[in-house]
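Here the structure comes first, spelled out in structure tokens, and everything after it is commentary.
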Amino acid sequence: MYLYDQPIYILSENTRRTSGRDAQRWNILAGRAVSSAVRTTLGPKGMDKMLVDASGNVVVTNDGATILTEMDVEHPAAQMMVEVAETQEAETGDGTTTAVVLAGELLSRAEDLLENDVHPTVVANGYRFAAAEARSILEGMATPADEGRVLEAARTAMTGKGPEAAKEHLADLVFRAVEAVRDADGEVDLENVAIETVVGASVDDASLVEGVVLSKERMRETMPRRVGDARVALVDAPVEVRGTEVDAHVDLSTTEQLEAFLAHEESELRAMAAAVTDAGANVLVTRKKVDDLVAGFLAKAGVFVVQRAKDGEMRALARATGAKRVSSVSDLTPEDLGAAGLVEERDVGDDTFVFVEECAEPASVTILLRGGTEHVVGEVERAVEDALGVVRVAMRDDLVLPGGGAPEVELARGLREFASGVAGREQLAVEAFADAVEVIPRTLAENAGLDPIDSVVALRAAHERGETAAGLDAYTGEVSDMYDLEVVEPLAVKLQAVEGATECVELLLRIDDVVAARASGGSAPEAF
């Protein structure tokens, strides 16, 4: 900006500004780059990515959210695409790659419209109209989800991932876990489903524990390894003699004084152990440290003690056993104790765990996963987490859709019909949206080594005949009824993917000015 031919500086020299068409072009390019990074992972024949961080830690996965989270993304538009995947993961557990690939294709189609002088706001408005119509179309083609369909959705969520060979067994574990923590209103809090991983054995050796598994061991070998009819006490504070909050000096000049001091300290520790046994507890789990002397006294009394449990483990124990967490061992009463049929220390592979089982109404359960290597169990854990989210929303809404690209082809067909009734240039954006959603079946075909054009044409023909469940069988290359192949996904997954991708693209299209501040001593993010 100039005043009387003199420049006026409103930005510091450590900033870089990109505006107008250049800003839009860079944002679109960044979004498409993120989309292309995960595109080859889509579908049952998608490939995996190996991610290595600065410390040399390796993650092998084809989970879209994990890939994007582990990537060191700097561009703000790219970060917004990553947020689409993170939101999709948090809301539904699956569909992260679909959401990001769709967003990238919407940006690509929008770029074509911008090059033809269609205003960005018009494109954004047209996309919004299309997304609203897409919701109606998807809801119209959804079918009720019984127990069988929910299990199919869980298996579909794990197809194409590391544990696919064991998906039948894992899907059953996931279904039982969600069913166990489902409340009277049908709501499911997945925080009540814990996952523990153990390297060793086979993925097929995974199991469900109707209770809590602590990645701890009992404090003393002299304590009982197995406690039946357990009465569980939960204490958040340390069980030890507390030091003073101010510096203090104790002058012990004689042996008698030292013995008296130690005797007093021992009596305090005995009182702490007595508080546990007097309350009737035979299992003590603490958030903090337990003094060795107290542990010794409790071992003699036959009490099973676990110290330094995680806060999440304490919460899970409280839910599963009905125990109340107390702030001090001296506050324990019989009414604070929880109940479990069995508390036992067991060796699983090379690790030791404490199992708390046979709770009356376990509000917490644990899925114990196995695998030959850390990379295997890590990918199994991610697949199970996806399946948990899928089962949760499928049970909540009781509605599923066919998979295999069937919803996208039906969306494209319906949106093209809808576009004819849209006035103005927004019609072009709706048509572009219809073309964009077909990127999903096209990518499924590409990743399966099939001809994407032939596959999409065959799918379109099937849907024109009214076969709304017709999708692509990536293994045979044929167009088949996805319900017959048991390839289904919850309605909520697809709705969230469409809405999340659309909202992100709308936001990016409305940006015409980017001001990037350089880090101290550094430079602005690349491409600014």
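If you count the sequence shown from 1, position 503 lands on 1107 in my numbering, and the numbers rise without skipping. Quick reminder that beta carbons are idealized off the backbone N, C-alpha and C, glycines included. Because the structure is a prediction, the values reported are computed rather than measured.
For the set 927, 883, 877 and 918, the Cα lying nearest the Cα of residue 904 is the one of 877.
For residue 741 and residue 802, the gap between their C-alpha atoms comes out near 44 Å. With respect to the C-alpha of residue 902, the residue from 912, 889, 818 and 782 having the closest C-alpha is 889. For the options 1077, 1101, 1099 and 1098, the alpha carbon positioned closest to that of residue 1091 is the one of 1077. Comparing C-alpha distances from residue 715 to each of 771, 626, 1020 and 779 shows the shortest one belongs to 626.
For the alpha helix (DSSP H) assignment, the uninterrupted runs of no fewer than 4 residues enclosed by the stretch 1054-1100 are, from N- to C-terminal side, 1056-1068.
Ranked by Cα distance from residue 1009, the options 997, 751, 992 and 1061 are led by 1061.
When the five nearest sequence neighbours on each side are left out, no beta carbon in the same chain lies closer than 7 Å to the beta carbon of residue 1057. Residue 829 and residue 822 have their C-alpha atoms some 8 Å from each other. Residue 653 counts as buried, since at least 16 other C-beta atoms from the protein chains shown sit within 10 angstroms of its C-beta.
For residue 1067, the number of other beta carbons within 10 angstroms of its own is at least 16, and it is reported as buried. A distance below 6 Å between beta-carbons, with the five flanking residues on each side excluded, links residue 1096 to the following residues of its chain, in chain order: 696, 997 and 1001.
A straight line joining the alpha-carbon of residue 792 with that of residue 1103 spans about 23 Å. When the beta-carbon positions are compared, residue 1094 and residue 994 come within less than 9 Å of each other.
Between the alpha carbons of residue 1038 and residue 633 lies a distance of about 21 Å. By the C-beta density criterion, residue 661 is exposed, having fewer than 16 other C-beta atoms within 10 angstroms.
Of 1041, 1088, 1048 and 1070, the smallest CA-CA separation from residue 1105 is found for 1041. Apart from the 5 residues on each side of it in sequence, residue 636 sits with its Cβ closer than 8 Å to the Cβ of 708, 711 and 712 in its chain, given in chain order. Residue 680: member of the alpha helix (DSSP H) spanning 680-696, first to last residue. The three-state reading of DSSP puts residue 639 in helix, counting H, G and I together. Approximately 7 Å separates the beta-carbon atoms of residue 946 and residue 834; this is inside 8 Å, confirming the contact. The bridge partners DSSP lists for residue 968 come to none. Scanning 820, 777 and 796 for the CA closest to the CA of residue 809 turns up 777. In the structure shown, residue 845 adopts coil according to DSSP, grouped into three states.
Scanning 753, 899 and 881 for the CA closest to the CA of residue 825 turns up 899. For residue 722, there is no enclosing alpha helix (DSSP H), since its DSSP letter is neither H nor E.
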